[in-house]
Amino acid sequence: MVEMDNPPKNYISMDEARTLLPGLRKRLTRLMRIHRALSLMQTIHLSYDDNHAEVISQIKQYREFHRLSYQIYKNLDELFSKGCIVKDLDIGLVDFYSRFGGRDILLCWQLGEADIQYWHEVDGGYEGRKPISKLIEGRV
148 MVEMDNPPKN YISMDEARTL LPGLRKRLTR LMRIHRALSL MQTIHLSYDD
198 NHAEVISQIK QYREFHRLSY QIYKNLDELF SKGCIVKDLD IGLVDFYSRF
248 GGRDILLCWQ LGEADIQYWH EVDGGYEGRK PISKLIEGRV
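Read in order, the letters of the sequence shown correspond to residues 148 to 287 in my numbering.
Below, the structure is given as structure tokens:
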């Protein structure tokens, strides 16, 4: 697993990021499904007449919750080590550290997009996304 105290930036090129997309689509879809399941699990509260049955049920539910949580974080670590920074599992948003013109930028991709079409400054965020074409043309 990646040491998260001070993780190194893993810079990748546009071509490298593009080669990750097919596997990333599958993995991100699975992670989003698990994320939704975890959200749903947090809303479920079962009550039993028998206290023992309730305790057993809670233990099983907690075990499954933590198993799924571990799957998410294990996958996030693996993706991070490849240069994928999963920003939002609700909408399937991923950034990739890259360099352009001697500065750090983030290539930005969202599940459902055919290709990496956007980028933003490191402190820009989703709202600051700009078309890659403008970056290539030097209009930034």
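Note that CB positions come from ideal geometry on N, CA and C, so glycine has one too.
Given the structure is predicted, the values throughout are model-derived calculations rather than measurements.
- For V241, the enclosing beta strand (DSSP E) stretches over residues L240 to F247.
- DSSP places V202 in the uninterrupted alpha helix (DSSP H) bounded by N198 to S228.
- Beta bridge pairing from DSSP links K277 with W266.
- Taking a C-beta distance under 9 angstroms as the contact criterion, W256 and D242 qualify as a contact pair.
- By the neighbour-count criterion, in which a residue is buried when 16 or more other Cβ atoms sit within 10 angstroms of its Cβ, S186 is exposed.
- Contact between L240 and K234 is confirmed by a C-beta separation of about 4 angstroms, below the 8 angstroms threshold.
- Here A184 has L215 as same chain residues with Cβ atoms under 7 angstroms from its own Cβ, once five neighbours each way along the sequence are excluded.
- By the 16-neighbour rule on beta-carbons within 10 angstroms, I191 is exposed.
- Around the C-beta of A261, fewer than 16 other C-beta atoms lie within 10 Å, and the residue is accordingly described as exposed.
- Ranked by how close their Cα comes to the Cα of R246, the residues W266, L178 and R180 have W266 in first place.
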